[in-house]
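Numbering (full-length UniProt numbering), first residue to last: 1 to 411.
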C-alpha cells in the first residue's frame, strides 16, 4: 500500500479524485442542513475511529482513510496558521473569514428580495400556493427564517389547530438582523416593497408570545409620540403590514392580539392626555410642557392614520371625537379636534350610525366651542373671537362643506 502524498492537492486514500478544501466554517454551514452529517465529497472528521473499528463491515482501509483525513486536516490548519491573516483571503487555497461574511451578506440580500416578491405575489393573487406533488393545497412558509418554528399561541389566544405549513430553507445559515433594526427600517422606509419585507422579517423572526406582542405595540406607540422625525403615516402603514404579515405567517392569534393591544394602548394614552378628569390631562388651569403637548398632538395624528389603515374602528374613533367635543375648555381641545379629523375623508360619517354622529357633531360642537372664553390656553397664548370662529369653520368644513357656509353666515 503506497504512502499518501503530503502535497497540498489532497486525494482520498485509494482514489484519484481530489478532495475539496476544508475550512473551519464548513462545519457550521453544513451542520445546519437537515439530514446532512458529512460534507459533500469528504468524510466527517468527527467520526470516531474506535467506533468504526468495532463495526464488523468496515475494513482496515476505511480506518486508515479516516486517520489520513484527520492528519491531513491538522496539517492544513497548521499551514494556514503560518500565513499572515491579512493575506489569507488572496494567497491561501482556503477562503478567509472575510469571504464567508460576503457570502452571508449576499445570501441574506437574495433571500429577502425573493421573500418580499413572493409575499407581494401571494397578497395580489388571493389563495393558497399549490405545491406540485402535494395532495392538497398548502401555504408555503416563504416568510420562514432558518428552520421556522411556529410559536404556540397562549391559552387565552387559543385557536383551532391548523394544518402544518411547509418550512422551506432557502439558504443555509443566513444571519437575521436584530428585532430593533428590523423595526427601525420598517418605520422609516417609504417604499412599500421594503416595508413588506421588514414586516415579514418582524413577524417571523421572533417567537412571539403575549409579553413580546405587548412590547412590540409599546414600541410602536412610543416611537410615534416621542420621535418628531418619524412620519406617522409611514408608521401606520408599517403597523398594517405587520398585522397582515402575522396572518400570512399562520399566526392568527398574534395578528388578533397585535390589533387589540395596539388599539388599547392608543386609547389608554388618549385618556391620559385628553380626559379632563385625569391628573395628567391637558385642561384649563394646568401647566403643560411643550414637549408633552407635542406628544399628545402626535398621538392624535397617529390614531387618525391607524383609522385609515383600519386598525382602529369607526366606533372607537367617534368616542374620542365625542370626548374632545364635550370637554372643550381650552383652545388646545379645538385644535386637537381639527387634528384628528383632518384628512380623514368622509369614511367616519358613512352608514346610518356615521350620519347620526355627523348630525350630533354639527349641532353640539359650534355651541361648545363658542362658549370658550378668550385667551384660555395651557400654553398661555392669546387668541380672539375671529381666530376661534375661523378654527370652528375649518372643522365644520372637514365634516360638511355645506354647513360651513351656513355657519359663517350666522356669525
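Beta carbons are placed, not taken as given, at the ideal position from N, Cα and C, and that holds for glycine. Quantities reported herein were computed from a predicted structural model and do not represent experimental measurements.
Exercise. Take every Cβ of the segment 245-257, pair it with every Cβ of the segment 287-303, and state whether three or more of those distances are shorter than 8 Å.
Key: No, they do not touch.
Practice problem: For residue 387, count neighbouring C-beta atoms within 10 Å of its own C-beta (all shown protein chains included) and say buried if the count is 16 or more, exposed if not. | Solution: With fewer than 16 Cβ atoms within 10 Å of its Cβ, residue 387 is classed as exposed.
Quiz item: Can you list, in chain order, the residues of its chain whose CB lies under 6 Å from that of residue 241, leaving out five sequence neighbours each side?
Solution: So the qualifying residues of the chain are 195, 196 and 199.
Exercise. Output the boundary residues of the alpha helix (DSSP H) element that contains residue 268.
Key: Unbroken alpha helix (DSSP H) run through residue 268: 252-274.
Quiz prompt | For residue 299, the first and last residue of its enclosing alpha helix (DSSP H) | solution = Following the DSSP letters along the chain, one finds residue 299 inside the alpha helix (DSSP H) bounded by residues 290-308.
Practice problem: Measure the beta-carbon distance from residue 342 to residue 232 and round it to whole angstroms, keeping in mind my assumption that it falls under 8 Å. | Solution: Their Cβ separation, rounded to whole angstroms, is 12 Å, which puts residue 342 and residue 232 out of contact at 8 Å.
Practice problem: Throw me the rounded Cβ distance for the residue 217 and residue 262 pair, which I believe falls under 8 Å. | Solution: About 5 Å separates the two Cβ atoms, so the contact holds.
Self-check item: Backbone CA spacing between residue 223 and residue 229 [nearest angstrom]
Solution: Looking at the two C-alpha atoms, the distance is approximately 10 Å.
Quiz item: Taking the C-alpha atoms as reference points, what is the distance between residue 7 and residue 108?
Solution: With a pLDDT of 44 at residue 7, under the threshold of 50, the predicted position of this residue should be treated as unreliable, though the coordinate-derived value follows. Rounded to whole angstroms, residue 7 to residue 108 spans 36 Å at the Cα level.
Quiz item: What do you reckon, are the CB atoms on residue 381 and residue 331 nearer than 9 Å?
Solution: Yes; because the gap between Cβ atoms is below 9 Å, this pair is in contact.
Quiz item: I think residue 412 touches residue 340, with their Cβ atoms under 8 Å apart; what is that distance to the nearest whole Å?
Solution: One cannot answer for residue 412 here, as it falls past the ends of the chain, which runs 1 to 411.
Quiz item: Do you know how far the Cα of residue 269 is from the Cα of residue 362?
Solution: Note on geometry: alpha-carbon atoms of residue 362 and residue 269 lie some 27 Å from one another.
Practice problem: Specify, as a first and last residue, the run of the alpha helix (DSSP H) that residue 245 falls within. | Solution: That run of the alpha helix (DSSP H) goes 232-248.
Quiz item: Can you list, in chain order, the residues of its chain whose CB lies under 8 Å from that of residue 275, leaving out five sequence neighbours each side?
Solution: Here residue 275 has 281, 323 and 327 as same chain residues with Cβ atoms under 8 Å from its own Cβ, once five neighbours each way along the sequence are excluded.
Quiz item: Just curious, the alpha helix (DSSP H) that residue 186 is in, first and last residue?
Solution: 179-188 is the extent of the alpha helix (DSSP H) around residue 186.
Practice problem: With DSSP collapsed to three states, give me the class of residue 312. | Solution: Here residue 312 sits in coil by DSSP.
Self-check item: Alpha-carbon spacing of residue 368 relative to residue 333, whole angstroms
Solution: About 11 Å.
Quiz prompt | Element boundaries [alpha helix (DSSP H), containing residue 360] | solution = Here the alpha helix (DSSP H) through residue 360 covers 351-370.
Quiz prompt | Span of the alpha helix (DSSP H) around residue 279 | solution = Neither: residue 279 is in no alpha helix (DSSP H) and is coded neither H nor E.
Self-check item: Whole-angstrom distance between residue 319 and residue 188, CA atom to CA atom
Solution: One alpha carbon belongs to residue 188, the other to residue 319, and they sit about 30 Å apart.
Self-check item: Alpha-carbon spacing of residue 138 relative to residue 244, whole angstroms
Solution: Bear in mind that the predicted position of residue 138 carries a pLDDT of just 34, short of 50, making it unreliable; the figure below should be weighed with that in mind. Here the C-alpha atom of residue 138 lies approximately 18 Å from the C-alpha atom of residue 244.
Quiz item: What is the DSSP secondary structure of residue 208, counted as helix, strand or coil?
Solution: Looking at residue 208 - three-state DSSP - the assignment turns out to be coil, as it is neither helix nor strand.
Self-check item: Whole-angstrom C-beta distance between residue 396 and residue 337, which should lie under 8 Å
Solution: That pair is no contact at about 11 Å.
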